[in-house]
Each structure stands twice: as structure tokens, then as C-alpha cells.
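The structure under discussion appears below in the form of C-alpha cells.
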Amino acid sequence: MKDLFARIIENKGPLGKWASQAEGYFVFPKLEGPISNRMKFQGKEVITWSINDYLGMANLPEIKKVDGETAAEYGAAYPMGARMMSGHTDFHEQLEEELADFVHKESSYLLNFGYQGILSTIDALVSKDDIIVYDVDSHACIIDGVRLHMGKRFTFVHNDIESLKKNLERATKMAEQTGGGILVISEGVFGMRGEQGKLKEIVALKKEYNFRLLVDDAHGFGTLGKTGAGAGEEQGIQDDIDVYFATFAKSMAGIGAFLAADKGIIDYLKYNLRSQMFAKSLPMIYVKGGLKRLDMLRSKPELREKLWENVNALQNGLKERGFDIGTTTSCVTPVYLNGSIPEAMALVKDLRENYGIFCSIVVYPVIPKGMILLRMIPTTTHTLEDVAVTLDAFSAIRDRLQNGTYKRLSAAVAAAMGEKV
Ligand SMILES: Cc1ncc(COP(=O)(O)O)c(C=O)c1O
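The opening position of the sequence shown corresponds to residue 653 in the numbering used here, with each subsequent residue numbered one higher.
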């Protein structure tokens, strides 16, 4: 019989196999200094384009003051226990009321982490007779939530309404047999490519099909819509999202997440969300910190205005220089290039060491083989000078990618890894 660990030792997985080349640099890098547009990497200043602190809240003095005062008053533990048992406070309730109000829903409920929260939400919303129909490009937390489902599930082609309709037909037939209902899941903004989910078109299908809609708006909350209430507000259909989800880990620069929906649904979820019933309540630092962040979100539209000034400068600048930034309709700015993984590594190293630009690379298996995705997250803290420096650097690295410089530089790595370049 095989030892359980034999497979793990032999096969480290599609990303793990790069660990010896990548760890500490491309993955698990250590960025130091205050969270901002410029931080230190291995002792050198870099312009950071890979931090989801969209509104620049992480390092705002007003916010750090509240975080510090709350830590001094409550410590990191308070309140102890799960919400239901001993971890409930007036401040948790207050934050829920204010969040519900902000995203135009009757009620809301806090989650400790977005990932576990959405997993558990999907689990709680469906029974084995229900059918889930979800976008094939969904974030891992949605895919993992669907994995818990004991009934049928269908994927639809990313943002493809015809494909969704086809799958709703199938799901409707099946639900008629099982006696269950249908849950459709999309994202407000797809975090890799930056496209908004086609929420308006999806909710229009409610006239033809009977389903409920869950939207993960991790990247839309705080960045999209007239007031920053997210992709539903941006597309004018917030009322038709049945269960709205967002995390605090991005524009709120914190930890935690929340759901918002009609009161009856939230009341049900409060008693059935296993990730909250069997886990410790969100600590006060994040709850009082969340209240302060929400206050800033509401009262300082200039944070969002500056964010969008930077987003537009970066995206327009890239397009003017002929870069392929796909079909983003959000702050997430992907730059698509062609090349192998070793070439991508050489390119990112050049960007970091010689141009002082820090951005994340995304490669196969997250995107198709032979493609390199440089994923950039503009924030409020960036300056137009950061954008100009970055655009020049990108033009230079594209030339070097095209003239084979990175192929040459990465040949040894590629050979060592048995990769073709
Ligand atoms: C689309 C999406 N959903 C959910 C999450 C998970 O949120 P959290 O970091 O709060 O667990 C993320 C974070 O990466 C995300 O991008």
C-alpha cells in the first residue's frame, strides 16, 4: 500500500512545482513598510500594483487611530465565542445595520472571512433538491461552496447570457422533477480579468425563469456605483440581487465580510450558517474598525474619485500604448502578454529590479498555457507619476519580451524545469 504522503512528495501540484524557483520572490514575497503605493521589497523601494487596498484606507491615520484605540480597549480576543453563544455585541449589530443601509438591503450579517462565509452561505441556501447554476470563472470560494452541494449544479460560460439561459432551461426541468429551486451565482467583478458580471442581463432573466441570485461583490464594493455600494448599484439592479456578499479585505482594508438580503433570509442564515455558528465571532478591532471604514466610505467620496482618476490614467495609458487589457470594466487592470512561465519570471524580475515596479503575475493553470497576465490594482494612494513611470517600464519590458531577451535569460530555468520556451 502506498504511503499517503508519497503522492504529495512526488507531485507538488501545478504551482507548487515552481516553489524552488519562485518562493520568496514571485510567491510569498515580503513587502515591507506602510501599506501604500510605494513599499520596500528586499530593501528597495517599489511601486506596488498588487495590493487590494483600493481606497487607500489601510494606512489612513484616522483609521489606524480607531484600530489602535480599539485594540487598546478590547485586545484582540473580544468577544469570545461564536455570535450565537457568547460573541454578540451592540457594535456587531450596529455595523450590520449600517452595512445593510449602505447596500440598500433590509438586513445584513457579518462573516469572519469572506472565503469561509460564502462557502457556508451556499451550503445554507440550498438543499439537495435545489440546483445551482454558476459562472464557470467563479472565484475559488464559490467553487468550493458549490462542492459542498449534494444536488445538481451547472456552470454557464463566463458572462454568457445565452449559455446561462440554456442552463436555466436544464435546471428548471430538473427542479421540476426534484421539487427544488434554483440558485444562480455570479460575481459583481471577476477579480482576475476585471469584468463586471452581467448582473443586469441576469436579473432580466427572472421574468422568464424562477431563480434567486447570489452575487459575490468582493471587488465592486467600495469601488463601483454612485455611492460605492458596488456592482449592483452601478448597474441599477441592486434590488434584484437576492443575496449580496462583499468582503472587508479589499476596499475596506480589513478582515471580515458580510451578507445582505431581506430580513427573512438573513434571519434564516443567522441560524444556519455553519461558518459562523461553529467559529469565533469577528473580533472588535474589525467591527469597530469596520464602522470607521464604512463611515469613511460614505463621507469621503474623494477617495473613490482619486481611485478612478488613477484607474483611468493607467487603463487609458496602457491602451494608448497598444497593450491588451482585455475587457475590464472595473479597477482591476489585467495586461495580457504571450510567453512561457520562465519568460514571465524573467520579465517580472526585470520589472522589479530594474524599473522598481511590483506587480503580480498570473500564469497557467490560472490562465491558458502560453499567456502571461500581469494583474494590476490601482489604488487611491497611487500618483499620476507612478502611472507614468509604470507605463514607460511596461513599454520597455514588452520590447524585451518580443525581442527574445527574456527567452534567453530564462533558458537555464526552463531547462532545469523541463519546460519548453
Ligand atoms: C471574489 C472574491 N470572493 C471572496 C474572496 C474572499 O474574501 P476574504 O479574503 O474575506 O476571505 C475574495 C478574496 O480574495 C475574492 O476575490
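Glycine included, C-beta positions come from ideal geometry on N, C-alpha and C.
Verify the contact flag: H801, CB atom, against every heavy atom of ligand 1, threshold strictly below 6 Å.
Locating residue 801 in the sequence shown gives position 149, counting from the first residue. No, the Cβ of H801 stays beyond 6 Å of every heavy atom of ligand 1.
For D868, which beta-bridge partners are listed by DSSP?
Stepping through the sequence shown from its first residue, residue 868 is reached at position 216. Looking at the DSSP assignment, D868 forms a beta bridge with E839, F897.
Going by beta-carbon coordinates alone, are L966 and P1030 separated by less than 7 Å?
Along the sequence shown, read from residue 1 onward, the residue named residue 966 stands at position 314. Along the sequence shown, read from residue 1 onward, the residue named residue 1030 stands at position 378. Result yes, Cβ atoms of L966 and P1030 sit closer than 7 Å.
Measure the alpha-carbon distance for G941 versus A870 and round it to whole angstroms.
Here residue 941 corresponds to residue number 289 of the sequence shown, with the count starting at 1. Here residue 870 corresponds to residue number 218 of the sequence shown, with the count starting at 1. Those two C-alpha atoms are separated by around 18 Å.
Per DSSP, which one or two residues make a beta bridge with R690?
Within the sequence shown, residue 690 is the residue found at index 38, counting from 1. Note: R690 sits in a beta bridge opposite I699.
For T985, which beta-bridge partners are listed by DSSP?
If you number the sequence shown from 1, residue 985 lands on position 333. BP columns for T985 point to M1028.
Using a threshold of 7 Å, state whether the C-beta atoms of G840 and G872 are closer than that.
The residue given as residue 840 occupies position 188 in the sequence shown. The residue given as residue 872 occupies position 220 in the sequence shown. In contact: G840 and G872 (Cβ atoms closer than 7 Å).
Do G833 and ligand 1 come close, with the Cβ less than 6 Å from some heavy atom?
By one-based count along the sequence shown, residue 833 stands at place 181. For ligand 1, not one heavy atom lies less than 6 Å from the Cβ of G833.
Ligand 1: which residues have Cβ under 5 Å from any of its heavy atoms, chain order?
Listed along the chain, these residues meet the criterion: F765, G766, Y767, H791, C793, G843, D868, A870, T899, A901, A909.
Alpha carbons only, please: which of G874, A998, P1020, D1038 is nearest the one belonging to M1028?
Working through the sequence shown from its first residue, we reach residue 1028 at position 376. The shortest C-alpha separation from M1028 is found at D1038.
Does the separation of the CB atoms of A827 and I794 fall below 7 Å?
Position 175 of the sequence shown holds residue 827. Position 142 of the sequence shown holds residue 794. No; because the gap between Cβ atoms is not below 7 Å, this pair is not in contact.
Applying the criterion that 16 or more other CB atoms from any shown protein chain within 10 Å of the CB defines a buried residue, is P686 buried or exposed?
Locating residue 686 in the sequence shown gives position 34, where the first residue counts as 1. So P686 ends up on the exposed side.
May I ask which residues mark the beginning and end of the alpha helix (DSSP H) holding T830?
Residue numbering aside, residue 830 sits at position 178 when the sequence shown is read from its first letter. From DSSP, the alpha helix (DSSP H) with T830 extends over 813-830.
With a 10 Å radius around its C-beta and 16 neighbouring C-beta atoms as the bar for buried, classify Y802 as buried or exposed.
Stepping through the sequence shown from its first residue, residue 802 is reached at position 150. Before going on, a small fix: residue 802 reads as Met here, not Tyr. The residue is exposed, with fewer than 16 neighbouring Cβ atoms inside 10 Å.
Which residues in the same chain have their Cβ closer than 7 Å to the Cβ of G708, if we skip the five residues on either side of it in sequence?
On the sequence shown, position 56 is the one that residue 708 refers to. Taken in chain order, the residues that qualify are L955, T1031, T1032, T1033.
Which one of Y706, G991, S815, P681 has the shortest CA to CA distance from K696?
Working through the sequence shown from its first residue, we reach residue 696 at position 44. The option with the nearest alpha carbon to K696 is P681.
Mind checking D787: buried by the 16 CB within 10 Å criterion, or exposed?
Taking the sequence shown and counting its residues from 1, one reaches residue 787 at position 135. When all chains shown are included, D787 counts as buried.
Give the range of the beta strand (DSSP E) segment to which Y861 is assigned.
Taking the first residue of the sequence shown as 1, we reach residue 861 at position 209. Here Y861 belongs to no beta strand (DSSP E), and DSSP marks it neither H nor E.
Pull the bridge partners of R805 from the DSSP assignment, please.
For the purposes of this step, residue 805 is taken as the residue at position 153 of the sequence shown. Per DSSP, I784.
Taking L835 as the reference, give the member of L816, G843, G846, K852 with the closest Cα.
On the sequence shown, position 183 is the one that residue 835 refers to. That would be L816, whose Cα lies nearest to the Cα of L835.
Determine the DSSP secondary structure at Y761, reduced to helix, strand or coil.
Walking along the sequence shown from the start, residue 761 turns up at place 109. Three-state DSSP puts Y761 in a strand.
Could you pull out every unbroken beta strand (DSSP E) segment of at least 3 residues lying fully inside the segment 992-1019, listed in chain order?
The qualifying runs are 1012-1014.
What does the alpha-carbon distance come out to for the pair A824 and N862?
Locating residue 824 in the sequence shown gives position 172, where the first residue counts as 1. Locating residue 862 in the sequence shown gives position 210, where the first residue counts as 1. Checking the sequence, you will find Thr at residue 824 rather than Ala. When rounded, the distance between both Cα atoms is 8 Å.
What did DSSP end up calling I917 once you bin it into helix, strand or coil?
The residue you call residue 917 lines up with position 265 of the sequence shown. Looking at I917 - three-state DSSP - the assignment turns out to be helix.
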